[in-house]
Amino acid sequence: MLSGKKAIRAIGASTATFIYFISWAIVFQQKIKHKPVKTALAVISILITFSISAQVTNPRTRTPDSTGLDVPVFLDSIAVGAHKQLRGQELLSSTLLKANLNQNFAELLQKQSGIFIRRSGAGMLSTPSYKGLGTQQTPILINGANMQSSMNGTMDLSLIDAAHFGSVSLNPADQNTAGALNMGDAISLSSLGQKKGLHLGLSGSTQNEISTNLKFVGNRNNWSYSVSGVATQSENTVSLYHYDLDTVLSNTDYKRASLLQTIGYKWKRSEWTNTLYLQGAERGVPPPLYQTGTNRQTDANAMMVNKFTTKTARNWVYEAVNQLWAEQIVFNNTQRGEETDSRVFNVNTTAAASKYLEKRWYAKLGVALDEAVYTSEALENDAVWSRPRVFLTVRKSYNKIRFILAQNTVFFEGKQAFSGELKGEGNFAKEYNWSTSVQRVFRLPVLNELYWYSPGEAVGNPDLKPEQGYKVNGELGRYGRQLQLTMNPHAGIFQNWVQWVGSGEVSPKNIPNVIVYGAVFTANHEQKLKGLKLLTRVNIHWVNATYKFDNDKDSRNGKQLIFTPQLTGNFTITVVHRNFGLYVNSQYVSANYVASDNSSFIEPYQLYELGGYCEWSIFRLGAVCGNLLDTPYFTQPRTPLPGRIFKININYTLPLKK
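Numbering (this note's numbering), first residue to last: 395 to 1052.
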């Protein structure tokens, strides 16, 4: 067994490696000015080579603590877990991923969760809307670290490759999360608990797209290790014949690459994990319909998370998490001949102590510090923030009921903001679980909302107030062997809602109140039929999210929030045999309002997808037909999205002996 000192040296070596490559990228980037993605891709290529030659291990499957949080179910490559669902129960058919592993999270969530994904053009920014809250209020977590940009408050789902991860779940962000907290539920991605072996994949589509992925997972002694890399290049063809134009949309091509590495070491009472995530992309910005344009955007991200947990002889648990994250976005406006280079470096740290006490009490106390340094040509001056916070969780458990009290306080610019939750949860009749909660939530404005400065186009507002509000949430679930059902009603009222408004030059403003109520329904059914397995999944999201202004005569009063469809959902039916699988998927999005007074909206649409795969012991061939009926559709005005797409995937798995 390796000693704790060796593990500590490994932590230092991993940190030093990360800092070295970041420094190398910065120096190299100065030599090749305005080519950050080439730099990021070079770093990724070097680290893929470095990581494959490293010692290999098998990440350990996560186990839920006694709080009863999500228990993800691990499928072929990814799973969508639901609150309290049983380990090992196949809640989603892995057929969708076996048929099409090389897809991004914007595609995956839209098809498998029913969440509305707003896409600002083919291959461009893709952001979620969930329970009436938008992308600024919905954090994206990778192995427990918030990847929601401190620059613009979003994480582009089209840049996150699904092939990296072992599970995805929708659940409230834990207070111990590194990075800023938020008002909405989190989309949590994990690279832990994946199948051991060497996995290789190659795909091509009628978009003139080619994508390749590599994943290596193994184990040795107390070490755990996994590494995956994905690279994609696409012309991303969007035909315009539906709009009486005998041509294709211009400037839609893109290239992207990413690497995710996870290392862990576990000894008697302690455990350390290190996550390294690198991502780069270069893409065209498609012009609106009936216009031309050649604007380009490049994105680069480099993030490292270290997490250390130890348990003392007296059953105290100490946990520390540190996140280092560098982000860069370069926008090249060819019409104006301008290039805007924006960079931010984040250092987010949390530390907590917890213990199970007598009479089934549990307590956790922690502190955190979130720091960011922001540099941009669209700022008058560099921006810096430092936001310390403290948090507390207390839980009391009975035989079948638990009560949880959580509180969080953040300090910023001589002010304070508070959030908290009172929650009860339990189970009855073996197959049924319930939970109910009341929350006070807040969100501090991000850097662009405060300081962006591009006269004539967009200007930030340093006087913005933090968003805040109250939420109530309930859930009732039945988790049987063949049938799982959940009903999740929710409601909230939020003050100082931030929305960019204006004509010509836009700026963020605080809207006095937004009122939200709705429900999320999910159903999963499994039926075995003479060697076949029939799997059915339904997700339905209904939400009424409306503006409330002080002036009763305001035409926006009582109108649905922009880019927040009232009804979205999906239906998937899958047939699985020992060595093949077939599925049909349908997605529905209701009317999508694009004006605050609801005077303008995008028509509802429904999309279909057909796919399947055949597999042998180590080889799998998959095929997919997306947008089966070649339906023309938008998620924001005048931004047509791809029609019918045929895609073929080839995957090879080489099992590794222990």
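Glycine included, every Cβ here is placed at the ideal spot set by N, Cα and C.
Computed from a prediction, not measured in an experiment: that's the story for all the values here.
| Item | Value |
| --- | --- |
| For Ile366, count neighbouring C-beta atoms within 10 Å of its own C-beta (all shown protein chains included) and say buried if the count is 16 or more, exposed if not. | The displayed coordinates of the chain run from 395 to 1052. Any statement about residue 366 would go beyond what the structure contains. |
| Just the Cα atoms here: how many angstroms apart are Asn904 and Ala714? | 36 Å |
| Evaluate Phe785 with the Cβ neighbour count: other Cβ atoms within 10 Å of its Cβ, from every protein chain shown; 16 or more gives buried, anything less gives exposed. | buried |
| Sort Asn992, His971 and Asn964 by Cα distance to Gly952 and report the nearest one. | Asn992 |
| So, Lys794 versus Phe822, is the Cβ gap smaller than 9 Å? | yes |
| Give the list of continuous beta strand (DSSP E) stretches no shorter than 3 residues that lie fully inside the region 775-807. | 777-791 and 795-806 |
| Around the C-beta of Arg663, are 16 or more other C-beta atoms found within 10 angstroms, so that it is buried, or is it exposed? | exposed |
| Under 8 Å, with one C-beta from each stretch per pair, do the region 592-610 and the region 495-505 reach the 3-pair mark? | yes |
| What are the boundary residues of the beta strand (DSSP E) that Asn1043 is part of? | Ile1039 to Leu1048 |
| Can you tell me which of Pro681, Gln588 and Leu583 puts its alpha carbon nearest to the alpha carbon of Gln1030? | Pro681 |
| Are at least three pairs of beta-carbons, each pair with one atom in the region 742-752 and one in the region 696-712, less than 8 Å apart? | yes |
| Given this structure, state the Cα-to-Cα distance separating Ser990 from Asn938, to the nearest angstrom. | 14 Å |
| To the nearest angstrom, report how far apart Val983 and Gly508 are at their CA atoms. | 9 Å |
| Rounded to a whole number of angstroms, what is the C-alpha to C-alpha distance between Leu519 and Leu634? | 21 Å |
| Applying the 10 Å Cβ sphere with the 16-neighbour rule, what's the burial state of Leu564? | buried |
| Considering only the alpha carbon of each residue, which of Asn630, Asn576, Ser585 and Ser622 lies closest to Asn1062? | Since the first and last residues shown for the chain are 395 and 1052, residue 1062 lies out of range. |
| Taking C-beta to C-beta, are Thr641 and Leu654 nearer than 9 Å? | no |
| In this structure, does DSSP put Ala1017 in helix, strand or coil? | strand |
| Out of Asn827, Thr529, Ile996 and Ala516, point me to the one whose CA is closest to Lys649's CA. | Ala516 |
| Quick one: Cα of Leu583 to Cα of Asp946, how far? | 43 Å |
| Return helix, strand or coil for Phe559, following the three-state DSSP convention. | coil |
| I'd like to know if Ile1044 contacts chain D, where contact means its C-beta is closer than 9 Å to some C-beta of that chain. | Looking at the structure shown, chain D is missing, and only one protein chain is on hand. |
| In this structure, does DSSP put Leu553 in helix, strand or coil? | helix |
| So if DSSP puts Met881 in a beta bridge, which residue, or which two residues, is it bridged to? | Leu870 and Phe915 |
| Would you say Asn986 and Tyr1002 are within 9 Å of each other, going by their C-beta atoms? | no |
| Use the C-beta contact count for Leu491: other C-beta atoms within 10 angstroms, 16 or more gives buried, fewer gives exposed. | buried |
| What residue range is occupied by the uninterrupted beta strand (DSSP E) comprising Ala651? | Tyr648 to Lys660 |
| Helix, strand or coil for Glu629 per DSSP? | coil |
| Is DSSP giving Gln833 helix, strand or coil here? | strand |
| What residue range is occupied by the uninterrupted beta strand (DSSP E) comprising Lys809? | Lys809 to Phe822 |
| Going by the CB atoms, is the gap between Gly850 and Glu774 shorter than 9 Å? | no |
| Give me, in chain order, the residues of the same chain whose beta-carbon lies closer than 7 Å to that of Met549; leave out the 5 immediate sequence neighbours on both sides. | Ile534, Met541, Gln542 and Ser543 |
| Which runs of the beta strand (DSSP E), 3 residues or longer, sit entirely within the region 695-778? | 710-727, 732-751 and 755-770 |
| Classify Ala707: buried if its beta carbon has 16 or more other beta carbons within 10 angstroms, exposed otherwise. | exposed |
| Using three-state DSSP, classify Asn842 as helix, strand or coil. | helix |
| I need the straight-line Cα distance from Val724 to Glu771, nearest angstrom please. | 10 Å |
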